[in-house]
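Asker: First the structure, which I've put down as structure tokens, then a few questions once you've had a look.
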Amino acid sequence: MAIRDWNNLVKGMLCLLALLVCSCQQVSKSIRDTFNTKPEEAEILAASGERITGFVRDTAALDLAEKLLRQLPQYRAKPIFLYADIHFYDDGRIMTKLQHPDNPDYVDAYNYRNGEWSGPVAVQLSVHENISSRLVALDRVPLRTAAIVVDNYNDKASLVEGAGSTDHVYLIIHSGITRWYPNRIDGSREAWDIYFNLDGSVATFFRQ
Numbered sequence: 003m004a005i006r007d008w009n010n011l012v013k014g015m016l017c018l019l020a021l022l023v024c025s026c027q028q029v030s031k032s033i034r035d036t037f038n039t040k041p042e043e044a045e046i047l048a049a050s051g052e053r054i055t056g057f058v059r060d061t062a063a064l065d066l067a068e069k070l071l072r073q074l075p076q077y078r079a080k081p082i083f084l085y086a087d088i089h090f091y092d093d094g095r096i097m098t099k100l101q102h103p104d105n106p107d108y109v110d111a112y113n114y115r116n117g118e119w120s121g122p123v124a125v126q127l128s129v130h131e132n133i134s135s136r137l138v139a140l141d142r143v144p145l146r147t148a149a150i151v152v153d154n155y156n157d158k159a160s161l162v163e164g165a166g167s168t169d170h171v172y173l174i175i176h177s178g179i180t181r182w183y184p185n186r187i188d189g190s191r192e193a194w195d196i197y198f199n200l201d202g203s204v205a206t207f208f209r210q
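Take the sequence shown: its position 176, counting from 1, is numbered 178 in my numbering, and each next residue is one higher.
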């Protein structure tokens, strides 16, 4: 092979490698943005007509929500397992999925709103779904943990110039791994990653 042809081949391979690296970075960023995007929240009004706020930092309110969940007839005196995810909203809502109390191959969706749990609503699952890999016991992650995550996130965000606080947190359970979100703090000049232990304490906090 001529030297010129060899050089052209090397240049072509380097360009291809650069494109692949750029593509991977874009895919990675897209995944991160998906998990760190705050969904639209419909306003929920309290009986007084005023909008509920401060729910995710109210440990007493979260404890009450958990107490009411455990008092549901189907779960009374039975262990409760969260499936796949649980979302906490500042307007008083909780959205989650739970393993069926009697049939471990079934999953139901539950929503907490205006101080009451609604559900169960059957969730359709694939026969290939590995349910056990997406479960975590409620005993291991009490609902009040959301308040710990919010407080720790906002404490760190206050140290980053231009960063905003959060009032929506959620736990994702996948392949036996549990992870709290949001896990990124974007400031005007810096971006930081923040990862939490299951109990809501900060595991790592570092600048990107």
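Quick reminder that beta carbons are idealized off the backbone N, C-alpha and C, glycines included.
Going by beta-carbon coordinates alone, are Val204 and Asn156 separated by less than 7 Å?
Answerer: no
Asker: Decide if Arg136 is buried, meaning its Cβ has at least 16 other Cβ atoms within 10 Å, or exposed.
Answerer: buried
Asker: Just checking: is the beta-carbon of Tyr108 within a distance shorter than 7 Å of some beta-carbon in chain B?
Answerer: Looking at the structure shown, chain B is missing, and only one protein chain is on hand.
Asker: Opposite Ser120 in the DSSP bridges: which residues?
Answerer: Asn113
Asker: Report back the beta-carbon spacing between Leu173 and Phe83 to the nearest angstrom; my notes put them in contact at under 8 Å.
Answerer: No, Leu173 and Phe83 are not in contact; Cβ-Cβ is about 13 Å, not under 8 Å.
Asker: Do you know how far the Cα of Asp188 is from the Cα of Val162?
Answerer: 8 Å
Asker: Give the single residue among Ile150, Val171, Ala63 whose Cα lies nearest to the Cα of Asn116.
Answerer: Ala63
Asker: I'd like to confirm the pairing. Which residues does DSSP put opposite Ala149 in its beta bridges?
Answerer: According to DSSP, residue pairing for Ala149 in a beta bridge does not occur.
Asker: Enumerate in chain order the residues of its own chain whose CB-to-CB distance from Gly222 is below 7 Å, with the five nearest sequence positions on each side excluded.
Answerer: Any answer about residue 222 is impossible in this case: the structure gives the chain only from 3 up to 210.
Asker: If you check the beta carbons only, do Val151 and Gly202 fall under 7 Å apart?
Answerer: With contacts defined as CB atoms closer than 7 Å, Val151 and Gly202 qualify as a contacting pair.
Asker: Measure the alpha-carbon distance for Ala67 versus Ile133 and round it to whole angstroms.
Answerer: 25 Å
Asker: Measuring alpha carbon to alpha carbon, tell me which residue in Gln210, Ile88, Leu74 is nearest Arg191.
Answerer: Gln210
Asker: Run the CB neighbour count on Phe208, radius 10 Å, all protein chains shown included, and call it buried at 16 or more, exposed below.
Answerer: exposed
Asker: Please identify the residue among Leu200, Arg181, Ala193, Glu118 whose C-alpha is closest to the C-alpha of Gln73.
Answerer: Glu118
Asker: According to DSSP, is Leu100 part of a helix, a strand, or is it coil?
Answerer: strand
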